[in-house]
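Just so you know, the sequences run in chain order P and U.
In terms of the working numbering, the first sequence opens at residue -4 and continues consecutively.
In terms of the working numbering, the second sequence opens at residue 69 and continues consecutively.
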Amino acid sequence: MFLISPKKLRKVGIIGMNQRNFGLVARYNPRRLYPLVDDKLKTKLLAQKAGIAVPKLLGTLLYQHDVRKLEKLLTAYDEFVIKPVKGSGGKGILVISRREHNLYFKPGGDMLSLMEIKRHVSNILSGLHSLGGKPDTVMIESLIKLDPVFSDYSYEGVPDLRVIVLQGYPLMAMLRLATHASDGKANLHQGAVGVGIDIGTGNALHAVQFGKPAQRHPDTRKVFTELAIPHWDKLLSLAAACYEMTGLGYLGVDIVLDRDQGPMIIELNARPGLSIQIANNAGLIPRVKTIEALKNIDPDPESRVNFSKKYFSANPSLQAAPHTEHARSNNLALQ
Amino acid sequence: MQATFRLYALVLLIMSAGIGLILYKHLALGFPLLPDEKKLVWIVEAKIDFIAHGDPINVSFALPPKNPDITFLNEDFASPDYGFSKLELKEGRRAQWSKRIADGPQTSFYRLSIYKNDRMAAIHATDNPHELVEPEFDEVLQTAATALLNQARSKSADTETFTRELIKSLNSESPTQNQSLLINNQSSADEKTSLLVSLLAMEGISARIVSGLYLEGGRRRQSLANFIEVHDGTQWLLFNQDTGNSGLPDNFLIWQRGGQSLLDVVGGTNSRVSFSIIENVQSSRDLVLGDSQDEQAGGIIDFSIYSLPIEQQNAFKMILLLPIGALVVVIMRLLVGIRTSGTFMPILIALALIETTLVAGIIMFLIVVSAGLLIRSYLSYLNLLLVARISAVIIVVITIMASISIISHKLGLSQALTVTFFPLIILAWTIERMSILWEEDGPKEVFIQGAGSLITAIVAYLFMTNHIIEYLSFNFPELMLVNLAFILILGQYTGYRFTELYRFKSLEQQNVSDKS
Chain P
-4 MFLISPKKLR KVGIIGMNQR NFGLVARYNP RRLYPLVDDK LKTKLLAQKA
46 GIAVPKLLGT LLYQHDVRKL EKLLTAYDEF VIKPVKGSGG KGILVISRRE
96 HNLYFKPGGD MLSLMEIKRH VSNILSGLHS LGGKPDTVMI ESLIKLDPVF
146 SDYSYEGVPD LRVIVLQGYP LMAMLRLATH ASDGKANLHQ GAVGVGIDIG
196 TGNALHAVQF GKPAQRHPDT RKVFTELAIP HWDKLLSLAA ACYEMTGLGY
246 LGVDIVLDRD QGPMIIELNA RPGLSIQIAN NAGLIPRVKT IEALKNIDPD
296 PESRVNFSKK YFSANPSLQA APHTEHARSN NLALQ
Chain U
69 MQATFRLYAL VLLIMSAGIG LILYKHLALG FPLLPDEKKL VWIVEAKIDF
119 IAHGDPINVS FALPPKNPDI TFLNEDFASP DYGFSKLELK EGRRAQWSKR
169 IADGPQTSFY RLSIYKNDRM AAIHATDNPH ELVEPEFDEV LQTAATALLN
219 QARSKSADTE TFTRELIKSL NSESPTQNQS LLINNQSSAD EKTSLLVSLL
269 AMEGISARIV SGLYLEGGRR RQSLANFIEV HDGTQWLLFN QDTGNSGLPD
319 NFLIWQRGGQ SLLDVVGGTN SRVSFSIIEN VQSSRDLVLG DSQDEQAGGI
369 IDFSIYSLPI EQQNAFKMIL LLPIGALVVV IMRLLVGIRT SGTFMPILIA
419 LALIETTLVA GIIMFLIVVS AGLLIRSYLS YLNLLLVARI SAVIIVVITI
469 MASISIISHK LGLSQALTVT FFPLIILAWT IERMSILWEE DGPKEVFIQG
519 AGSLITAIVA YLFMTNHIIE YLSFNFPELM LVNLAFILIL GQYTGYRFTE
569 LYRFKSLEQQ NVSDKS
């Protein structure tokens, strides 16, 4: 059999794409708030105002003629990340980790001339990577330094953590590790490894590559079970606080761990994907129902994190049914 | 909840409006639901000949009455140099030709095209009978008639059965003395009819002659056949005077009721009428449309696509197919979960495929896109701005199209000339998007999305070229409402997509026992 039965999927509590769009995205995310997360510059400024840690902004380029300023702007830095402000799915992100005179190097060792970087910037500005091809803005930010905990699990670049947050409660988390097969990109479709992380402890639960369970990192051969995310509480609080920051009820929060500065938000997503369920080997529906059954949302991110850690932990001994679980919710979106 | 309820109410409303309109058009206006329904159209031509002798001529000719079960498509009257008028008299419709002076053989034509509609079953005439006139027979015949009537009466229960018995005994193959006395004297069909009318009058039953034509294709020099109609107290019943069968036979056109003359010619001699019949097959949709143009049924049709000039109608034929394509895309994306490059690009490809035919179209599409990708990959080295690059790709696409056309023309493959039907800008954007996709997500994603687009386009193409769907979408634009209702319902579908059953396959091993 190549297919799983829909009955089994329902039993596991997997959310499908249609249900995500209908029951979560359309339900919890008002359209007018999308620009806050679709525009990374806005997100960054918003986060800075809210006191949420983000990578440092080194500069922005708004127009084609700003491309000339690029050289001057970059002289001060040897490592940086160039991003389209309205890019989606990691498109158009250029990471430079080393510079020798006028030559720039990607983490994988590919060499780029300033000319090529200029072309990339120009492409971003003319809207190559933005939705609908609209003119875009370029954002240059500081490079994240790899936390030593990931050094055995990273093929190239910095792994990022995706936390799904529903109405401020972290539901599920996944670490995305680039591999040789994924060409250094943290995109699961292309062969990056997704590691489900226990909300309760920050320990690795289960890992998949190409939709199949994986025990070790395909390139470093390191076993995932030994992986534990540091600063876990702080990281979850950061994710939970994004609810107040944006007002979006269903969020995918992308977090990186900097060696020196700890967890930082790099991107928010109003339409986070569903692969996280595969990486966790668990469905989102039971957790969504738990949150939907709550009578009111706790205004304090810390206590929301505690709630999530208590009820969404993979360790059954810590897990207890919340009082509200049996209260029939009138939210039929997920029934 | 409220929103869901409102949506379903809306869906129900739209759906019933659509289906209602379709049913109305089908049942009341006679639009056939399937394209293959052909109707027989009969063209009946009556030719009137007479000899004129230089006197004023007045020709009066009985025209067939309009029956609800038969639609008159067309009536033509032709007679050179004659004044003409159509009269609606109490006895029926008549045509009148007149001329001050005429000499020699004269001919007038009356041509009628009719078809049987399914709108209504033939109904019995219900007009009131005239007062009975007691027939006068000589004594011998009187006795024979009385005996015959007595015999028929004893074998029957009511007017209908009595008439049947009477006709049967008159037509008996081994006639009794009484029968042969009556029938021998009266041998022609007309005389038999008037005998029947007289006999029925003796019994106190009103009866009248009905004459008409058997509609059979390719008949010439036909004359009217006589039937007899008997009033049973409430309505007229029709009988075949040779067999006694009651009811209107199939394909029989009633021309005249009662004893009025079929043709009166004043001022001429040797007058004669002959009928010829031609059978014709026409699609019933054309008939309904033709019918409505001069009739009252056209209310809806007047404000429909059919009122547009033919050229615009053909454009709409295409446009009305788009919702079918949209439905296919919705199904493929929401239920099957196929990824396509560009939401509705598959519809545009499908439209192009309609013009180019399937296999040739796909081959050309693949050639243009892969050649475009190849050249585009070179363009990406040239460090161009986006708009300039896409413009360059457009020109490249035109060049490729032109080369395909010219080369195939030289090779004698006329099929490939249709390459121009592919929407140029869409192709250029497709190439651009695919090329970026290739750079960013690798060739695998390009193949997934490209194949997804093509499969969706092919499915849409198959639906859009389906003979029945094509017919329905054009002739029943109301179908769009039904389509819309389906799309609204599909917009609420929150179940799994088919491809997700594969995507989440790894969760098969998940142990759910601790959760439930």
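Don't be surprised by glycine CBs; every beta carbon is placed ideally from N, CA and C.
Contact between the region 192 to 211 of chain U and the region 150 to 170 of chain U is absent: fewer than 3 CB-CB pairs across the two stretches fall below 8 Å. CA-to-CA, the gap between Ser181 (chain U) and Glu199 (chain U) works out to about 35 Å.
Ser270 (chain P) counts as buried, since no fewer than 16 other beta carbons sit within 10 angstroms of its beta carbon. Going by DSSP, Asp228 (chain P) is part of the alpha helix (DSSP H) stretching over 227 to 241.
The Cβ-Cβ distance between Leu246 (chain P) and Val80 (chain P) does not fall below 9 Å.
A check of alpha carbon separations from Gly326 (chain U) across U:Glu143, U:Ala130, U:Ile373 identifies U:Ala130 as the nearest. Of all residues in the region 147 to 163 of chain P, none places a beta-carbon less than 8 Å from a beta-carbon of chain U.
Around the Cβ of Arg282 (chain P), a 10 Å sphere holds 16 or more other Cβ atoms; the residue is buried.
In the DSSP secondary-structure assignment, Gly103 (chain P) is not bridged to any residue. Rounded to whole angstroms, the Cβ separation of Leu230 (chain P) and Pro258 (chain P) is 4 Å, and the two are in contact under 8 Å.
Chain-ordered, the chain U residues with CB closer than 8 Å to the CB of Phe(-3) (chain P) read Tyr570, Lys573. In chain order, Arg171, Leu172, Ala173, Thr174, Ser177, Lys180, Ala181 place their CB closer than 7 Å to the CB of Ala187 (chain P), counting only its own chain and leaving out the 5 sequence neighbours on each side. For His299 (chain U), the CB contacts under 6 Å within the same chain, skipping 5 residues up- and downstream, are Pro197, Ser274 in chain order.
In the three-state DSSP reduction, Gly247 (chain P) falls in the strand class (E or B). Look at the region 261 to 286 of chain U and you find these whole runs of beta strand (DSSP E), each 3 residues long or longer: 275 to 282.
Remark: fewer than three beta-carbon pairs, one from each stretch, lie closer than 8 Å, so the region 115 to 132 of chain P and the region 220 to 237 of chain P are not flagged as touching. Membership of Asn264 (chain P) in the beta strand (DSSP E) is indicated by the continuous run 257 to 264.
The beta-carbon of Asp509 (chain U) is placed less than 9 Å from the nearest beta-carbon of chain P.
Here the alpha carbons of Lys207 (chain P) and Glu568 (chain U) stand approximately 14 Å from one another. Taking a beta-carbon distance threshold of 9 Å, Lys64 (chain P) does not count as an interface residue toward chain U. Under a criterion of Cβ atoms nearer than 7 Å, the residues of chain P adjacent to Thr562 (chain U) are, in order, Asn13, Gln14, Phe17, Gly18. Neighbours of Gly122 (chain P) in chain U, taken as residues whose beta carbon is under 8 Å from its own, are Leu454 in chain order. With its beta carbon at least 9 Å from every one in chain U, Asp105 (chain P) lies outside the interface.
The Cβ of Asp178 (chain P) sits closer than 9 Å to at least one Cβ of chain U. Counting other Cβ atoms within 10 Å of its Cβ, His96 (chain P) stays below 16 and is therefore classed as exposed. Residue contact check for Leu89 (chain P) against chain U: no CB pair falls below 9 Å.
Collapsing the DSSP output to three states places Val80 (chain P) in coil. One alpha carbon belongs to Thr302 (chain U), the other to Thr337 (chain U), and they sit about 41 Å apart. Beta-bridge partners assigned by DSSP to Arg93 (chain P): P:Phe100.
Per DSSP, Thr139 (chain U) is not a residue of any alpha helix (DSSP H); the beta strand (DSSP E) it occupies stretches across 138 to 146. Leu107 (chain P) and Phe100 (chain P) have their alpha carbons spaced roughly 6 Å apart. Comparing alpha-carbon positions, the option among U:Thr486, U:Lys184, U:Glu143, U:Ile87 lying closest to Met432 (chain U) turns out to be U:Thr486. Closer than 9 Å to the CB of Lys207 (chain P) there is at least one CB belonging to chain U.
Distance from the CA atom of Ala223 (chain P) to the CA atom of Ser521 (chain U), rounded to whole angstroms, is 42 Å.
Using a CB distance cut-off of 9 Å, Gly197 (chain P) does not count as an interface residue toward chain U. Proximity of chain P to Ile504 (chain U) at the Cβ level (cut-off 7 Å) is accounted for by Leu123, in chain order.
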